[in-house]
Amino acid sequence: MNRKQKNDLHMIIGLCCIVFSLLVFGCQKIEPYRIVETPYPVIDQQGNNREYKLYLPEVQKRMDIPLLVYFHGVRSECFKKYPGLRNYTGSPVEETGLIEFSKLNKIALLVPEARYEYKFHNCMSKGWSPLDLEMDGIEKIIDVVIEKYSISKKKIFLAGLSAGAVLSFHLANRRPELYNSILAHSQGSIYDDLRYLKPRVMGPKFGVLIGYTKGDYKNLIKICLETAKLYKAHNYKVALLKDLPPKRHRWSETSNDIFWSYLNKLGQYTGNLE
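Using the numbering used here, you'd call the opening residue of the sequence shown number 3 and step up by one each time.
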């Protein structure tokens with residue numbers, strides 16, 4: 003075979019590789035970015051319909067993606083009557099930066115809606131209490147999303163602010179094998195009566211990331227610190243992030259990159275931190 007024939011052969015092989023790549027990869031369907039509201043019905047043990055919103059990133063069809071479930075803090079319009087709570091919003095997901103962050107990082111973001119009301123500071127509020135009533139519906143929401151969408155079974159995360167952080171601990175302890183890691187922002191592992199919720203099983207299980215802001219309430223900072231000690235004592239992988247911005251009790255939007263990095267490093271399935 004002369005040089006010209008060899009060059010022609012190399013060209014043909016190269017063209018075949020290009021055509022093969024186009025056939026295999028170019029024909030794969032792309033799922034567009036979507037926001038869906040309660041795409042599948044969920045009814046809790048009380049017979050109530052549960053609502054949720056799901057933000058799905060643009061990915062190749064059937065590609066498994068991480069799932070991040072977010073829970074806001076206690077919310078009430080009544081808080082505006084009190085000077086100390088006037089600027090507190092409970093950090094709904096729209097104020098966290100997580101919507102855009104999840105979109106950019108190919109993460110499915112699930113935001114369940116609180117169903118039940120209770121009195122907090124003499125205000126009728128929604129904030130994941132009573133816990134036993136809220137958790138049943140939320141677990142069913144999580145399960146249906148895992149079943150219906152291409153979710154990576156080893157990359158399921160929980161995150162919450164304040165009361166949402168408390169809920170994250172209760173959910174994780176009910177099914178410690180399901181969640182890779184959790185983020186508790188400005189609260190810890192407690193019951194409604196402020197007793198500490200101890201891990202149901204010895205670790206290492208789900209990773210535990212705890213953070214609070216520089217302007218957080220002192221009583222909540224104490225709960226964060228005690229929770230970190232409690233889970234470390236039970237052999238869980240724990241990271242504690244102190245004095246995050248901003249200087250008040252709200253989600254630290256500028257820390258989302260750090261949060262995501264730690265959630266993966268601490269995870270029982272993806273972790274590499276000792």
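Here a beta-carbon is modelled for each residue, glycine too, at the ideal position from N, C-alpha and C.
Using the Cα positions of residue i and residue j, report the straight-line distance between them to the nearest angstrom.
i      : j      : result
Ala235 : Ile32  : 46 Å
Arg202 : Arg176 : 8 Å
Ser254 : Glu115 : 21 Å
Arg52  : Pro34  : 26 Å
Leu133 : Asn274 : 32 Å
Leu196 : Ala230 : 16 Å
Glu2   : Leu111 : This structure cannot settle anything about residue 2, because the visible part of the chain is limited to 3 through 276.
Gly205 : Phe261 : 21 Å
Ala161 : Phe171 : 9 Å
Ser131 : Cys125 : 13 Å
Ser257 : Lys63  : 30 Å
Glu96  : Glu102 : 9 Å
Leu199 : Pro178 : 14 Å
Arg193 : Val168 : Correcting the residue type first, residue 193 is Tyr in the shown sequence and not Arg. For Tyr193 and Val168, the distance between alpha carbons rounds to 8 Å.
Name the residue from the options whose alpha carbon lies nearest to the alpha carbon of residue i.
i      : options                           : result
Leu242 : His187, Met204, Val95 and Leu133  : His187
Asn182 : Leu111, Thr229 and Lys267         : Lys267
Ile184 : Asp145, Gln270 and Glu136         : Gln270
Leu100 : Arg77, Lys63 and Leu58            : Leu58
Tyr54  : Asp138, Tyr193, Glu119 and Ile143 : Ile143
Tyr120 : Asp46, Gln62 and Ala165           : Ala165
Lys239 : Ser257, Phe208, Tyr214 and Leu180 : Phe208
Tyr42  : Gly49, Leu56, Gln48 and Arg36     : Leu56
Thr277 : Leu173, Gln189, Ala161 and Lys150 : Past the boundaries of the shown model lies residue 277; the chain is included only from 3 to 276, so the question cannot be answered.
Gln48  : Met137, Tyr214 and Ile153         : Met137
Val44  : Gly190, Val146, Ser93 and Val113  : Val146
Tell me which residue opens and which closes the alpha helix (DSSP H) that residue i is part of.
i      : result
Thr229 : Lys220 to Ala235
Asp145 : Leu133 to Lys150
Ile101 : Leu100 to Leu106
Asp259 : Asn258 to Leu268
What residue range does the beta strand (DSSP E) around residue i cover?
i      : result
Tyr57  : Tyr54 to Leu58
Arg36  : Arg36 to Glu39
Val210 : Gly209 to Thr215
Lys245 : Note on residue identity: the sequence assigns Asp, not Lys, to residue 245. Val240 to Leu246 is the span of the beta strand (DSSP E), which, as asked, contains Asp245.
His187 : Ser183 to His187
Val203 : Element bounds for Val203: n/a, residue is neither H nor E.
Val113 : Ala110 to Pro114
Just list the residues that DSSP pairs residue i with in beta bridges.
i      : result
Tyr198 : Ile192
Met126 : Lys121
Phe73  : Gly162
Glu33  : Val61
Assess contact between the region 249 to 257 and the region 212 to 222, defined as three or more Cβ pairs (one per stretch) separated by less than 8 Å. Is contact present? yes
Stretch-stretch touch, CB-based, cutoff 8 Å, three pairs: the region 147 to 157 with the region 61 to 71: By the Cβ rule, the region 147 to 157 counts as touching the region 61 to 71, because three or more pairs are nearer than 8 Å.
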